[in-house]
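For reference, each letter of the sequence shown is one residue, going 317 to 605 in our numbering.
Quick reminder that beta carbons are idealized off the backbone N, C-alpha and C, glycines included.
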Amino acid sequence: MYSKSELIHEPPPPCSRPRYVMAPPLVFTSIGASMNAAVRDVWASNFDEELSNLSAVLPRYPCVCLDTEFPGAVHDSDMPRYMRGPRESYELVKRNVDDLKLLQVGIALSGPAGRFPIAWQFNIRGFDPALHPHAPASIAMLREQGMDFAMLNEFGIDPEDFAAGFRRSGLACGWLTWTAFSGSYDFGYLAKALTGGQPLPDTLDGFLALVRRLFGHSVFDVKHLARCCALRGGLEQVATALGVKRAAGRAHCAGSDSLLTTDVLLLMMDRFFRNVDVLAHAGTIVDLT
């Protein structure tokens, strides 16, 4: 359980509330003051309790950072990446998301007070490397980072329970801000989970409409924002360039990566976007728009 100072007990605002706002830019010292962080593993046994904890702090920390882990990619394109347009990129995302299973969902929160010190790592049941398609190199890497697939299957959260709990928690209300780093697969896998495992829409326009319906209009890709600041590379490279260190956990674990993405975002907001209309970048997902 969290201390009383970390929790507020008012229910989240109603889903109809039209509040599409980024968390205000913060000074970097506010990030440093909250660098003590932890990743809370969530399994079937503590799912309801942790959803309640998350719901309690959501009104004060309405910027949600998403990260997902999944079994790699089993489909590729003959077209080089630099030649692919948004529709070709989406076709590849759809083929992989449709055929593979979600393993973890990481959620970190931030708001005017800075970053909340707990990130939630939801462990999802249903994947068996002996039965389901995957990229062997990705599975080996996830094992090296500590993922236990037997534990996922035995103690993980049922995907239907996860979707129902997500809606119940207030995360499905359109007044939140959603962020991810290179988020096409993150939003794709979460959208699939929230629609009962259904295939993603056939068209890119259909997918972007689904993202707006599930997550609202305040959706940001931190990699796109980094590019606007002349910062290139993956999450680790951008964090290193900014001098942001991983607050807790290990790379390629959803909870830890969501924390790192949040800290990268907060520093960029303070350093580069103080007098910039960040809302102009809403809805831009790298490779898809």
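Extent of the continuous beta strand (DSSP E) run through residue i
i	result
threonine 493	493 to 496
serine 574	That residue, serine 574, is in no beta strand (DSSP E); its alpha helix (DSSP H) goes 570 to 588.
cysteine 379	379 to 385
alanine 354	354 to 358
Per-residue DSSP class, three states only, for residue i
i	result
leucine 558	helix
valine 535	strand
phenylalanine 503	helix
asparagine 591	coil
phenylalanine 443	coil
glycine 422	strand
glutamine 553	helix
phenylalanine 438	strand
glycine 522	helix
arginine 529	helix
histidine 391	coil
serine 548	Going by the sequence as given, residue 548 is arginine instead of serine. Arginine 548 falls in the coil class under three-state DSSP.
arginine 376	coil
arginine 397	helix
arginine 566	coil
proline 515	coil
Nearest-angstrom beta carbon gap, residue j and residue i [assumed within contact, 8 Å]
i	j	result
leucine 582	arginine 431	6 Å
leucine 516	alanine 525	About 12 Å separates the two Cβ atoms, so there is no contact after all.
glycine 427	aspartate 383	Actually they are not in contact, since the Cβ atoms of glycine 427 and aspartate 383 sit about 18 Å apart, beyond 8 Å.
threonine 556	threonine 495	In fact, because the Cβ distance is near 19 Å, the residues do not count as touching under 8 Å.
valine 642	leucine 558	No answer is possible for residue 642: it lies beyond the span of the chain, which begins at 317 and ends at 605.
valine 355	glutamine 437	5 Å
leucine 425	valine 358	Actually they do not touch by this definition, with Cβ atoms about 14 Å apart.
arginine 485	leucine 370	Checking the sequence, you will find serine at residue 485 rather than arginine. Their Cβ separation, rounded to whole angstroms, is 6 Å, which keeps serine 485 and leucine 370 in contact under 8 Å.
glycine 513	proline 475	6 Å
valine 527	phenylalanine 497	Rounded, the Cβ-Cβ distance is 16 Å, inconsistent with contact.
alanine 479	leucine 510	5 Å
histidine 597	leucine 541	6 Å
alanine 451	valine 390	6 Å
isoleucine 440	leucine 458	In fact, because the Cβ distance is near 13 Å, the residues do not count as touching under 8 Å.
Nearest-angstrom Cα separation, counted from residue j out to residue i
i	j	result
alanine 349	proline 433	Residue confidence is low: alanine 349 scores 38 on pLDDT, short of 50, so the model does not pin down where it sits. Its coordinate-derived value is still stated next. If you take the alpha carbons of alanine 349 and proline 433, they lie about 10 Å apart.
arginine 483	leucine 367	10 Å
leucine 304	asparagine 352	Only positions 317 to 605 of the chain appear in the structure, and residue 304 is not among them; the question remains open.
alanine 567	valine 560	14 Å
methionine 584	isoleucine 455	32 Å
cysteine 278	phenylalanine 523	The displayed coordinates of the chain run from 317 to 605. Any statement about residue 278 would go beyond what the structure contains.
glycine 550	asparagine 362	32 Å
serine 346	arginine 543	Note on serine 346: pLDDT 40, under 50, position unreliable in the model; no value is reported.
phenylalanine 386	arginine 376	30 Å
glutamate 404	glycine 388	19 Å
aspartate 364	proline 449	30 Å
aspartate 586	threonine 493	17 Å
glycine 442	glutamine 461	20 Å
valine 602	aspartate 464	30 Å
proline 378	tryptophan 491	8 Å
serine 500	methionine 399	17 Å
threonine 519	aspartate 415	17 Å
cysteine 569	methionine 395	30 Å
alanine 339	arginine 590	The predicted model places alanine 339 with a pLDDT of 41, which falls under 50 and marks its position as unreliable, so this point remains unresolved.
cysteine 545	phenylalanine 588	7 Å
proline 402	leucine 408	10 Å
glycine 472	alanine 360	5 Å
arginine 411	valine 594	31 Å
aspartate 444	glutamine 420	14 Å
glutamate 552	arginine 562	9 Å
Endpoints, the alpha helix (DSSP H) within which residue i is located
i	result
asparagine 412	402 to 415
glycine 481	475 to 485
isoleucine 455	452 to 460
serine 368	363 to 373
asparagine 469	465 to 471
Any non-hydrogen atom of the ligand GTP closer than 8 Å to residue i Cβ
i	result
cysteine 569	In the structure on display, the ligand GTP does not appear, and there are no ligands present to speak of.
Chain C within 9 Å of residue i, Cβ atoms only
i	result
glycine 388	Protein chain content of the structure displayed is limited to a single chain, and chain C is not contained in it.
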